[in-house]
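Data block below; observations after.
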Amino acid sequence: MRDDRLFNYLHLHFIVFIWGFTAVLGALISIESVPLVWWRMVLAVIMIVIYMKVKKIPFQFTGVHKVPRKRLLSICLAGMVIALHWITFFGAIKASNVSVTLAMMSTGAFFTALLEPLFTPKKLVWYELVFGMVIIGALYYIFQVETEYIMGMVLGIISAFLSATFSIMNVTFAKEHPPSMISFYELLSGVLLLSLFFALPQFDFVGPQQLSSDDWLWMGILASVCTAYAFIASVKVMKYLSAYTVMLTTNLEPVYGILLAFFILGDAEQMTPQFYIGAIVILVVIVLNGFIKTRLQRK
Numbered sequence: 013m014r015d016d017r018l019f020n021y022l023h024l025h026f027i028v029f030i031w032g033f034t035a036v037l038g039a040l041i042s043i044e045s046v047p048l049v050w051w052r053m054v055l056a057v058i059m060i061v062i063y064m065k066v067k068k069i070p071f072q073f074t075g076v077h078k079v080p081r082k083r084l085l086s087i088c089l090a091g092m093v094i095a096l097h098w099i100t101f102f103g104a105i106k107a108s109n110v111s112v113t114l115a116m117m118s119t120g121a122f123f124t125a126l127l128e129p130l131f132t133p134k135k136l137v138w139y140e141l142v143f144g145m146v147i148i149g150a151l152y153y154i155f156q157v158e159t160e161y162i163m164g165m166v167l168g169i170i171s172a173f174l175s176a177t178f179s180i181m182n183v184t185f186a187k188e189h190p191p192s193m194i195s196f197y198e199l200l201s202g203v204l205l206l207s208l209f210f211a212l213p214q215f216d217f218v219g220p221q222q223l224s225s226d227d228w229l230w231m232g233i234l235a236s237v238c239t240a241y242a243f244i245a246s247v248k249v250m251k252y253l254s255a256y257t258v259m260l261t262t263n264l265e266p267v268y269g270i271l272l273a274f275f276i277l278g279d280a281e282q283m284t285p286q287f288y289i290g291a292i293v294i295l296v297v298i299v300l301n302g303f304i305k306t307r308l309q310r311k
């Protein structure tokens, strides 16, 4: 079991590296966030269907995998949450840049610490509240010096909250059902939700002919490696890891993503020294929180 946990922990780090690259792809793809996420999820659903057909994995929750209708609705709700998370995530990138968005996403562990006691037996501890206040202070500092990116920062924080909510919901599902089945229903429900968006006048559908060759290349990588593979793999590792461990490791995404963005996107990602001070404070607090929690668990 210890070897399984180590393998899945290292696997999670690889997945988080892929997620960091996802942010760069969001900046490279030219279309807006809603059609971008719709295409991402549609292509990922197609790839998962092919995978399940090849592996002969059933699409219905029957036999040992049969679930009550209420649980299936919860899985579909989680899919809608992840769809909204991705919309706000890519929306934040479009409104600011990769560095700002990923810095805001690092607040996800704080949101997880606040939300887990509401939905799990875990109790809220005093030092998490203290760390939370420090994070809020660091965010306020960043807001003060990077005023041109306010909308991107707000969308990034909302995205972090939705990501934390999804992680808590998905940990329960992952321990009880095949990852590919969960991923299929979650992504499909996300597609159905986003399809409704196009009935509203402020959201325009982007047809396949409107995507450039570069868009198709980046979208293909986004849907296959960064969504279909990473989505199933992340659900699988949740069988062995807690929601907090998953979210804590996910906070390395800003580090991976900001470094990748700097080398790939260049000058567009250069920020003020004050921004990096605030971002480093947030990351240090998150890592320190995880370190303290691990020491207490060992005792």
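So the number in my numbering is just where the residue sits in the sequence shown, counting from 1, plus 12. Glycine is no exception: its CB is placed at the ideal position from the N, C-alpha and C atoms.
Quiz item: Cβ of T100 within 7 Å of Cβ of L167?
Solution: Numbered from its first residue, the sequence shown carries residue 100 at position 88. Numbered from its first residue, the sequence shown carries residue 167 at position 155. Closer than 7 Å, so yes.
Self-check item: Contact set for S45: own chain, Cβ-Cβ below 7 Å, skip 5 residues either direction
Solution: Against the sequence shown, residue 45 aligns to sequence position 33. So the qualifying residues of the chain are I99, F102, G103, K106.
Quiz item: Touching or not, the region 209-227 and the region 27-44, by the rule of three or more beta carbon pairs under 8 Å?
Solution: yes
Quiz prompt | Given I154 as reference, the closest of F173, Y139, S111 once Cα atoms are compared | solution = One-based indexing of the sequence shown puts residue 154 at position 142. It is S111 whose Cα lies nearest to the Cα of I154.
Practice problem: Report yes or no: do three or more beta-carbon pairs, one from the region 234-253 and one from the region 177-189, lie closer than 8 Å? | Solution: yes
Quiz item: I think A172 touches M117, with their Cβ atoms under 8 Å apart; what is that distance to the nearest whole Å?
Solution: Locating residue 172 in the sequence shown gives position 160, where the first residue counts as 1. Locating residue 117 in the sequence shown gives position 105, where the first residue counts as 1. About 5 Å; that satisfies the 8 Å criterion.
Quiz item: Hey, how far is the Cα of I233 from the Cα of A35?
Solution: Indexing the sequence shown from 1 puts residue 233 at position 221. Indexing the sequence shown from 1 puts residue 35 at position 23. If you take the alpha carbons of I233 and A35, they lie about 12 Å apart.
Exercise. Could you tell me whether the region 237-244 touches the region 59-70, where touching means 3 or more Cβ pairs closer than 8 Å?
Key: yes
Quiz item: From A39, I294, R52, E265, pick the residue whose C-alpha is nearest to that of G164; which is it?
Solution: Position 152 of the sequence shown holds residue 164. Ranking the options by Cα distance to G164, first place goes to A39.
Practice problem: Provide the residue span of the alpha helix (DSSP H) that contains D227, from first to last. | Solution: The residue given as residue 227 occupies position 215 in the sequence shown. Taken as a continuous stretch (DSSP letters only), the alpha helix (DSSP H) holding D227 covers 225-235.
Quiz item: Is the number of C-beta pairs between the region 213-220 and the region 80-91 that are closer than 8 Å three or more?
Solution: no
Quiz item: In the structure shown, what three-state DSSP assignment does V76 receive?
Solution: As a working note, residue 76 is residue 64 in the sequence shown. Because V76 sits at a pLDDT of 46, beneath the cut-off of 50, its placement in the model cannot be relied upon, and the point is left open.
Self-check item: Neighbourhood of W51 by C-beta distance below 7 Å, restricted to the same chain and skipping five residues each side
Solution: Your numbering for residue 51 matches position 39 in the sequence shown. Here the set comprises M231.
Practice problem: Between the Cα of N109 and those of A273, N301, V293, spot the shortest distance and give me the residue it belongs to. | Solution: Counting from 1 along the sequence shown, the entry for residue 109 is found at position 97. Among A273, N301, V293, the Cα nearest to that of N109 belongs to A273.
Quiz item: DSSP on S108, reduced to helix/strand/coil?
Solution: As a first step, residue 108 must be located in the sequence shown, where it is residue number 96. Note: S108 maps to coil in three-state DSSP.
Exercise. Rounded to whole angstroms, what's the CA-CA distance from K68 to Y152? Just pull it up for me.
Key: Against the sequence shown, residue 68 aligns to sequence position 56. Against the sequence shown, residue 152 aligns to sequence position 140. For K68 and Y152, the distance between alpha carbons rounds to 51 Å.
Self-check item: Same chain only: Cβ atoms within 6 Å of M53, ignoring 5 sequence neighbours per side
Solution: Numbered from its first residue, the sequence shown carries residue 53 at position 41. Correct list, in chain order: L199, G202, V203.
Practice problem: Over the uninterrupted alpha helix (DSSP H) stretch that includes V142, give me the two end residues. | Solution: To locate residue 142, count along the sequence shown from 1; it is residue 130. It spans 138-157 - the alpha helix (DSSP H) in which V142 sits, taken as one unbroken run.
Exercise. Spell out a yes or no on whether the region 277-286 and the region 132-139 are touching, meaning 3 or more CB-CB pairs, one atom from each, closer than 8 Å.
Key: no
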